[in-house]
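If you read the sequence shown in my numbering, its first letter stands for residue 133, the second for the next number, and so on. Quick reminder that beta carbons are idealized off the backbone N, C-alpha and C, glycines included. First up is the structure itself, then whatever we jot down about it.
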Amino acid sequence: MSVTMSPESAPTSSAPGTLLDLEAAREKRTTTRSAAAARERTAELEGLIARDPGNYRVLTGDRPTGALHLGHLLGTVANRVRLQDLGVEVFLIVADYQVITDRDDAGDLPATVREVLLDYLAAGLDPQRSTVFTHSAVPALNQLLLPFLSLVTVNELERNPTVKAEAEAAVLRQRRGISGLLLTYPVHQAADILFCHGNLVPVGVDQLPHLEITRTVARRFNQRYAAARPYFPEPDALIAPSTTVLGSDGRRMSKSRGNALELRATEDETAAFVKRAKTDAERTITYEPERRPEIANLLQLGAYFTGSTPEGLAEEVGAAGAGRLKALVTEAVVEGLRPLRARRRELASAGPRYLDEVLARGNARANEIANRTLDDVRGLMGMRY
C-alpha cells in the first residue's frame, strides 16, 4: 500500500524529499512548542487541582492486549491513583474495541479484561471512587462517533502521527493497509473523552496530537451546534510525571517486544528481569539519562520504589558498580511490588464474580452518562424526534 499524503505534505518539487523535509521540520517545531506550552499548563493545572479537585474529570485507559507491566505502573497507573486520591473524578476505559484496530484476532478478551482490572485494583484504583468500564458496553458513547466524524477531515486524520506511523509500517510489513478503525482512532478517543465531559487527560508528549483532535472536535461541535452556550469542554492535557521504562533489552518496555516485567510476575521472575537488564562498561554509577540511558533506567526504578532520587541512589552505589546497583534495584522492586501482588492474589482467589460486578457497576454509570450526552447532542443537532 502506498502512503497517502495530504496535499500540504505532497512533494511538488523536482528535488525529491525537499518539501517533505521542510514539512517534517515544521511539524517538529510545532510539536516542541506544543510540548512546552503543555508543560507550562500542567504546572498551572496541578495547583488548581490541589485547590479544587472536584472541578476536574479525567478520562484515561488502556487497550486490553494483556496484563499490565512495570512500564504501565510507573507511566500511567500510579498517576491515575494519585489523581483519584486527590479527589479528581477518574473514568477509566478498558478499550476493548481498540484491540482490533491493528489485529485480526482479539484473543480471549473477557480473560484479558479481567487481568487488566486485577492490575488496576491491586495498584490502588478504587471502584467506589473511580468508574471503570468497557468500550463495547456503552453503545451511546460509540454512537457519538458519527457526528464527530463529520467535524474532521480525512487529511487531518492522516496527519496524525500514530496513523502515519502505522501506514508506513504496513508498507514495510507488506500487509494490508491500515483499517478504517485505526484511521478514525483519534475520533474514537474524542468520543471516549467527551461523552463524560472529561476536561483533563493525562498524556505523554507524544499523545498531544491525539488530544488536539479531541479539542478540535469539541470546538467545532460547539461552533456549529451550540454557539450560544458551548456544550463540550476543550480538555486540557496533563503531562504525566513519568519516565519511559526500559525493558530487559534496553528498548522501551512493551508486551509485544517480550521485554516487559508484568505486575503479576513472581519475585524470582522479578530478580531475573533485573539481572538481565542492560548496563554499560563504566564502573562508577552516575545518573546521566542522555549518555547512560540503561543505568539511568535502573536508577529511576530503584528511586521510585525507595522514595529516593536517582542522583542519590547513584551516589550511594558509586564505584561499587552495576552489580551492586542491580542488587539494590532488585530488592527495591520486589519489596515495592509485594503489597500490590498480595492484593492481586487476594482478588484473583475470589474468582471472577467480584471483577464482573465492578465492571457491571462501572458500565451502568458510563451508560447513564453516555445516554444523557447522546440525547443532548441529538437535541442540539435537531435530531430528537
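Which of helix, strand or coil DSSP assigns to residue i
{"i": "residue 262", "result": "strand"}
{"i": "residue 462", "result": "helix"}
{"i": "residue 371", "result": "strand"}
{"i": "residue 204", "result": "helix"}
{"i": "residue 325", "result": "helix"}
{"i": "residue 393", "result": "coil"}
{"i": "residue 234", "result": "coil"}
{"i": "residue 228", "result": "coil"}
{"i": "residue 334", "result": "strand"}
{"i": "residue 173", "result": "helix"}
{"i": "residue 415", "result": "coil"}
{"i": "residue 277", "result": "helix"}
{"i": "residue 423", "result": "coil"}
{"i": "residue 283", "result": "coil"}
{"i": "residue 456", "result": "helix"}
{"i": "residue 268", "result": "helix"}
{"i": "residue 429", "result": "helix"}
{"i": "residue 165", "result": "helix"}
{"i": "residue 440", "result": "coil"}
{"i": "residue 309", "result": "coil"}
{"i": "residue 214", "result": "helix"}
Own chain, CB closer than 6 Å to residue i, minus 5 neighbours either side, in chain order
{"i": "residue 507", "result": "none"}
{"i": "residue 497", "result": "263"}
{"i": "residue 421", "result": "428"}
{"i": "residue 382", "result": "410, 426"}
{"i": "residue 342", "result": "318, 321"}
{"i": "residue 460", "result": "434"}
Burial state of residue i, where buried means 16 or more other Cβ atoms lie within 10 Å
{"i": "residue 208", "result": "buried"}
{"i": "residue 271", "result": "exposed"}
{"i": "residue 148", "result": "For residue 148, the predicted model reports a pLDDT of 42, less than 50, meaning its position is unreliable; a value from the coordinates is still stated below. Residue 148 is exposed by the Cβ-count criterion."}
{"i": "residue 322", "result": "buried"}
{"i": "residue 216", "result": "buried"}
{"i": "residue 189", "result": "buried"}
{"i": "residue 203", "result": "buried"}
{"i": "residue 330", "result": "buried"}
{"i": "residue 429", "result": "buried"}
{"i": "residue 193", "result": "buried"}
{"i": "residue 300", "result": "exposed"}
{"i": "residue 529", "result": "The structure shown does not extend to residue 529, since the chain is modelled only from 133 through 517, so no value can be given for it."}
{"i": "residue 515", "result": "exposed"}
{"i": "residue 500", "result": "exposed"}
{"i": "residue 286", "result": "exposed"}
{"i": "residue 471", "result": "exposed"}
{"i": "residue 278", "result": "exposed"}
{"i": "residue 247", "result": "buried"}
{"i": "residue 489", "result": "exposed"}
{"i": "residue 412", "result": "exposed"}
Contacts around residue i, its chain only, beta-carbon distance under 8 Å, and the 5 residues preceding and following it disregarded
{"i": "residue 211", "result": "334, 372, 373, 374"}
{"i": "residue 402", "result": "393, 462, 465, 466, 469"}
{"i": "residue 249", "result": "226, 264, 487, 490, 491"}
{"i": "residue 449", "result": "417, 456, 457, 460"}
Boundaries of the alpha helix (DSSP H) in which residue i is found, first to last residue
{"i": "residue 244", "result": "241-255"}
{"i": "residue 196", "result": "Segment: none, residue 196 is in no alpha helix (DSSP H) and carries neither H nor E."}
{"i": "residue 357", "result": "340-357"}
{"i": "residue 209", "result": "Element bounds for residue 209: n/a, residue is neither H nor E."}
{"i": "residue 362", "result": "Where residue 362 is concerned, there is no enclosing alpha helix (DSSP H), given that its DSSP letter is neither H nor E."}
{"i": "residue 408", "result": "399-408"}
{"i": "residue 312", "result": "312-315"}
Paired residues, beta bridge with residue i - DSSP
{"i": "residue 221", "result": "189"}
{"i": "residue 473", "result": "According to DSSP, residue 473 bridges with nothing at all."}
{"i": "residue 180", "result": "DSSP lists no partner for residue 180."}
{"i": "residue 384", "result": "378"}
Contacts around residue i, its chain only, beta-carbon distance under 7 Å, and the 5 residues preceding and following it disregarded
{"i": "residue 503", "result": "272"}
{"i": "residue 512", "result": "357, 358, 363"}
{"i": "residue 366", "result": "347, 350, 351"}
{"i": "residue 205", "result": "255, 395"}
{"i": "residue 283", "result": "349, 352, 353"}
{"i": "residue 431", "result": "419, 442, 445, 446"}
{"i": "residue 355", "result": "none"}
{"i": "residue 201", "result": "385, 387, 392, 393, 394, 395"}
{"i": "residue 261", "result": "216"}
{"i": "residue 415", "result": "451, 453"}
{"i": "residue 166", "result": "340"}
{"i": "residue 186", "result": "219"}
{"i": "residue 171", "result": "371"}
{"i": "residue 406", "result": "458, 461, 462, 465"}
The beta strand (DSSP E) enclosing residue i, as first and last residue numbers
{"i": "residue 541", "result": "Examination of residue 541 is not possible in this model, given that the chain is present from 133 through 517 alone."}
Check: residue i C-beta below 6 Å from any heavy atom of the ligand HEM
{"i": "residue 232", "result": "As for the ligand HEM, it is missing from this structure, which has no ligand bound."}
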